[in-house]
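Number of protein chains: 2
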Amino acid sequence: MTESLSISELSREFEVTPRAIRFYEDEGLLHPKRRGRQRVYSNRDRVRLKLILRGKRLGFSLMEIADMISMYHSDPGETAQLDYFITRIDDRRRQLRQQREDIETTLNELDIIEKQCRERLENLEVEKQPTHREASASRLK
Amino acid sequence: MTESLSISELSREFEVTPRAIRFYEDEGLLHPKRRGRQRVYSNRDRVRLKLILRGKRLGFSLMEIADMISMYHSDPGETAQLDYFITRIDDRRRQLRQQREDIETTLNELDIIEKQCRERLENLEVEKQPTHREASASRLK
DNA sequence: GCCACAATTGACGTTTACGTAAACGTCAAA
DNA sequence: TTTGACGTTTACGTAAACGTCAATTGTGGC
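If you read the sequences in order, they're chains A and B. Going by the working numbering, the first sequence opens with residue 19, and the numbers climb by one from there. Going by the working numbering, the second sequence opens with residue 19, and the numbers climb by one from there.
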């Protein structure tokens, strides 16, 4: 059941180049098995790649992403390490909340801008047909 | 009332280096006035810088940010341009929504991870005091 | 066994977003 | 007048994240 994929299959599935995937491995973010020289990606690797790409969409650097992924599996033994670990989690959380806030703000602004655009569009439509023709309904181009 | 700032004042206010600010100008994202050779930043420039930094926090490239900022002020005259404009807005919106979704997912995962950490922490505390000492309250280091 | 094609491994190139250093102007305080 | 503290331009350096190209090396299919 543990599907194993070649690099090109994985590449197509996530729309990233094989080069990128190999690069992530060089950077220690992926550790596929090998069949001879060939890389074989397990389902676990797929999940990791998904995490990497999600991190990228959020603008994180590969190092930050590596750090986050390590959180998923690391099992720090000592209390001090656990404390530090939790601190790191908190930092990430703060950062993500900030981003979420930035997104809300930007989305609101986009709404306003689009509204202005649509108004401007309507005005242009009206200008184009200044005659007594009735309601200028939506015109299909 | 239109406060005018020097580059170092602006730099301190937003915690970016003067170098970065000049770079944004080179890239066409800022257009401060000049008093002689010196740059003078108006309130409008401050707002722009704020937008730039917000874009950066969201992981956008300077080019994308420039594009977004242009949306705030551009006044496309033709209908076709307006249509294209609205398309661009929609694209950005889609991207931002995706990011927001990614953030929610990640935040949830962080919650789970932290919870596991805290459980592990409690276990460690218990292990350290296996005697009949009463409730192990919080210890200050 | 041979061929086409996929995969691998270097190695160098490229873009983005600044950092850093050099060399100089400016103005006010000591 | 010297000395900082800023500011400017020019230029080169750099780290990150791949792209690109070449040279090999398997490897499945006939």
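No residue lacks a Cβ here, since even glycine has one placed at the ideal position from N, Cα and C.
Between which residues of its own chain and residue 49 of chain B is the CB-CB distance below 8 Å, once the five residues before and five after are set aside?
To locate residue 49 of chain B, count along the second sequence from 1; it is residue 31. Within the same chain, residue 49 of chain B has close Cβ partners 43, 63.
Could you work out which residue in A:52, A:46, A:47 is closest to residue 24 of chain A when comparing CA atoms only?
Within the first sequence, numbered from 1, the residue matching residue 24 of chain A stands at position 6. When only C-alpha atoms are compared, the closest one is A:52.
Against chain A, which members of the stretch 115-131 of chain B pass a CB distance test of less than 9 Å?
115, 116, 117, 118, 120, 121, 122, 123, 124, 125, 127, 128, 129, 131
Scan the stretch 48-100 of chain B and note each continuous beta strand (DSSP E) run of 3 residues or more that stays entirely inside, going in chain order.
The stretch 48-100 of chain B contains these whole beta strand (DSSP E) runs: 51-53, 56-58.
Nearest to residue 136 of chain A by CA position, among B:134, B:65, B:104, is which residue?
Reading the first sequence from its first residue, position 118 is the one you call residue 136 of chain A. The shortest C-alpha separation from residue 136 of chain A is found at B:104.
Am I right that residue 110 of chain B and residue 86 of chain B are in contact with their C-beta atoms under 8 Å? What's the rounded C-beta distance?
Here residue 110 of chain B refers to the residue found at position 92 when the second sequence is read from its first residue. Here residue 86 of chain B refers to the residue found at position 68 when the second sequence is read from its first residue. About 7 Å; that satisfies the 8 Å criterion.
Using only CA atoms, which one of B:133, B:73, B:77, B:68 lies nearest to residue 72 of chain A?
Sequence index remark: in the first sequence, residue 72 of chain A carries index 54 (1-based). If we check each option's Cα against that of residue 72 of chain A, B:77 comes out closest.
From which residue to which residue does the alpha helix (DSSP H) around residue 24 of chain B run?
Along the second sequence, read from residue 1 onward, the residue named residue 24 of chain B stands at position 6. Element bounds for residue 24 of chain B: n/a, residue is neither H nor E.
Rounded to whole angstroms, what is the Cα-Cα separation between residue 22 of chain A and residue 144 of chain B?
On the first sequence, residue 22 of chain A is found 4 positions in, with the first residue counted as 1. On the second sequence, residue 144 of chain B is found 126 positions in, with the first residue counted as 1. It is roughly 42 Å from the alpha-carbon of residue 22 of chain A to the alpha-carbon of residue 144 of chain B.
Work out the CA separation of residue 114 of chain B and residue 30 of chain A for me, nearest whole Å.
The count along the first sequence starts at 1 and reaches residue 30 of chain A at position 12. The count along the second sequence starts at 1 and reaches residue 114 of chain B at position 96. Computed Cα separation, rounded: 24 Å.
What did DSSP end up calling residue 35 of chain B once you bin it into helix, strand or coil?
Residue 35 of chain B sits at position 17 when you count from the first residue of the second sequence. Reduced to three states, the DSSP call for residue 35 of chain B is coil.
Whose C-alpha, out of A:106, A:142, A:133, A:99, is nearest the C-alpha of residue 129 of chain B?
Residue numbering aside, residue 129 of chain B sits at position 111 when the second sequence is read from its first letter. For the residues A:106, A:142, A:133, A:99, the minimum Cα distance to residue 129 of chain B belongs to A:106.
Are residue 40 of chain A and residue 57 of chain A close, meaning C-beta to C-beta below 9 Å?
Your numbering for residue 40 of chain A matches position 22 in the first sequence. Your numbering for residue 57 of chain A matches position 39 in the first sequence. Yes.
Check whether the Cβ of residue 81 of chain B lies closer than 9 Å to any Cβ atom in chain A.
On the second sequence, position 63 is the one that residue 81 of chain B refers to. No, because no Cβ of chain A sits closer than 9 Å to the Cβ of residue 81 of chain B.
Once you ignore the five residues that flank residue 59 of chain A on each side, which residues in its own chain have a CB closer than 6 Å to its CB?
In the first sequence, the residue the question calls residue 59 of chain A occupies position 41. Within the same chain, residue 59 of chain A has close Cβ partners 23, 28, 50.
Check the Cβ of residue 90 of chain B against every Cβ in chain A and list those closer than 8 Å, keeping chain order.
Here the question's residue 90 of chain B lines up with position 72 in the second sequence. Neighbours of residue 90 of chain B on chain A, chain order: 127, 131.
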